[in-house]
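S.K.:
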Amino acid sequence: MRISVLIPVFDEARSLGPLYEELVAVAAKVRLDLEFVFVDDGSRDGSHAILLQLAARDRRVKALRLRRNYGQTAALAAAIDHATGDVLVPIDADGQNDPRDIPRLVERLDEGFDVVSGWRRQRRDVLLSRRLPSWVANRLVSAWTGVRLHDHGCSLKAFRARFLRDLRLYGEMHRFLAVYAAWDGARVTELEVNHRPRVHGYSKYGIGRTARVVLDMLTFKLLCRYGTRPVHLFGGFGLLLIVAGLVIALAVAIELLIPGPFAHRGAALVLAATLACAGAIAVMLGMVAELVIRTYHEVGGRPIYELDESPGGPRPTASAARGYTRSD
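Numbering (our numbering), first residue to last: 313 to 640.
1. May I ask which residues mark the beginning and end of the alpha helix (DSSP H) holding Phe546?
2. By a C-beta neighbour count over all protein chains shown, 10 Å radius and 16 as the cutoff for buried, is Met313 buried or exposed?
3. Considering only the beta carbon of each residue, do Gly550 and Ala594 sit closer than 7 Å?
4. How about Lys469 and Pro402: do their beta carbons lie closer than 7 Å?
5. What are the uninterrupted segments assigned as alpha helix (DSSP H) that are 4 or more residues long and contained completely in the stretch 381-437, given in chain order?
6. Short of 7 Å in beta carbon distance, which residues of its chain neighbour Ala389, apart from the five on each side in sequence? Order them along the chain.
7. What first and last residue would you give for the alpha helix (DSSP H) that runs through Leu328?
8. Within 8 Å, do at least three Cβ pairs link the stretch 321-328 to the stretch 349-359?
9. Taking C-alpha atoms, which residue in Arg443, Val338, Gly329, Leu328 lies nearest to Ile315?
10. Can you name the start and end residues of the alpha helix (DSSP H) that Ser316 belongs to?
11. Could you check the C-alpha separation between Asp413 and Ala601 for me, to the nearest Å?
12. Just tell me which of Gly458, Leu503, His462 has its CA closest to the CA of Ala494.
13. To the nearest angstrom, how far is the alpha carbon of Leu479 from that of Val543?
14. DSSP three-state call for Asp646: helix, strand or coil?
15. For the 8 Å Cβ check, are there 3 or more pairs between the stretch 447-465 and the stretch 496-512?
16. For Arg472, list the residues DSSP reports as bridge partners.
17. How is the beta strand (DSSP E) around Ala375 delimited, first residue to last?
18. May I have the straight-line CA-CA distance separating Arg606 from Thr540, to the nearest angstrom?
19. For Met599, collect the residues of the same chain with a Cβ closer than 7 Å to its Cβ; drop the 5 residues on either side in sequence, then sort them by chain order.
20. DSSP beta-bridge partners for Val500?
21. Rank Cys536, Val342, Leu318, Ala590 by C-alpha distance to the C-alpha of Glu419 and give the top, closest one.
22. Between which residues of its own chain and Ser283 is the CB-CB distance below 7 Å, once the five residues before and five after are set aside?
23. For the alpha helix (DSSP H) holding Val491, just list the boundary residues, first then last.
24. Between the beta-carbon of Asp398 and the beta-carbon of Ala473, is there less than 7 Å?
25. If you drop the 5 nearest sequence neighbours on each side, which residues of the same chain put their C-beta closer than 7 Å to that of Asp406?
26. With 16 other CB atoms within 10 Å as the buried threshold, where does Ser631 fall?
27. Rounded to the nearest angstrom, how far is the Cβ of Thr385 from that of His486, given a contact under 8 Å?
28. Beta carbon of Asp496: closer than 6 Å to some heavy atom of the ligand GDP?
29. With 7 Å set as the bound, which would you pick, yes or no: does the beta-carbon of Asp406 sit closer than that to a beta-carbon of chain C?
30. Alpha carbon to alpha carbon, what distance is there between Arg524 and Leu400?
Take a look at the structure:
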């Protein structure tokens, strides 16, 4: 079994040498077939030169470089695209994740799991700017997604490669890889891992990043829930507006039967008509979006389901059923 260690890098020149030595020591100790996929995300401190030196002396090292700083999600996506392993293990380049935990994560996969997520129970970060916002974000993500993990933000995880190969990541979605996999049918567990204080450089994360993570999670939840059936989202919202307009119109009609002046009758009728028209537009938008999504799946040949691995045989390929799209 080949294991690909995925390492996004941004201005971590002083950490790369020690991290590489630790990875090599782990590989030698447990005799794992490892490859190290480093992705330089537009570093300005000479990180790429160090990576080229490592790649020149060790065939297991892949040194990729992005044209500019795209962010950790894009860097991790590049690493996934260029990894060849059966198991993918993302790890931070700052040295706070302990490479000695990699064999433990991989061993847990052998117990029948598809994803093993690291849990930094004894986290070595600042309380107010890192640990507290992370605690709040983890609770929100667990509640929204139904994937109960103590530490969604821990980069150190082990995945069976098939759950990451076809993902298209954006925003801060690298933090939700375990959620992606769980929604795709993966068996997910977590394992306590060592977390060390940062020795070199500085953290690129803070309270602002945590807020963006929460917003990305909300967007992702909506896309996953309604991405293949947008008419349910737009149509449902449109029907609510139409019903609200009808209720207001009915109230005005009842007022007509009651003697007496009503100063706001005209405004109420305008509001009712506006709500009804807006609702009808929303329903039509949902229908158009439904046609676009169905065309997208048909033309692209995207699968509507995937079969689990067959015991004793090759993994069945994903199939796309003509004329149907997946509806969760």
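All residues carry an ideal CB built from backbone N, CA and C; glycine is no exception.
None of the values given here were measured: they were computed from a predicted structure.
M.R.: So, to answer that:
1. 542-568
2. exposed
3. yes
4. yes
5. 384-394, 414-421
6. Leu481
7. 325-342
8. yes
9. Val338
10. No alpha helix (DSSP H) contains Ser316, which is instead part of the beta strand (DSSP E) from 314-321.
11. 45 Å
12. Gly458
13. 24 Å
14. For the chain, the structure presents residues 313 to 640; residue 646 sits outside this window and is missing.
15. yes
16. Answer by DSSP bridge pairing, in chain order: Val399.
17. 373-377
18. 8 Å
19. The beta carbon of Met599 sits closer than 7 Å to the beta carbons of Val543 from its chain, once the five residues preceding and following it are set aside; these are given in chain order.
20. Looking at the DSSP assignment, Val500 forms a beta bridge with Val427.
21. Glu419 has its Cα closest to that of Val342, out of Cys536, Val342, Leu318, Ala590.
22. For residue 283 there is no data in the structure shown, the boundaries of the chain being 313 and 640.
23. 489-495
24. yes
25. Glu324, Ser327, Arg510, Gly513
26. Because the pLDDT of Ser631 is 36, which lies under 50, any placement of that residue in the model is unreliable, and the number read from its coordinates should be weighed accordingly. Classified as exposed, Ser631 has fewer than 16 neighbouring CB atoms from the shown chains inside 10 Å of its CB.
27. 4 Å
28. Here there are no bound small molecules, and the ligand GDP is not part of this structure.
29. This model lacks chain C altogether; it includes just one protein chain.
30. 26 Å
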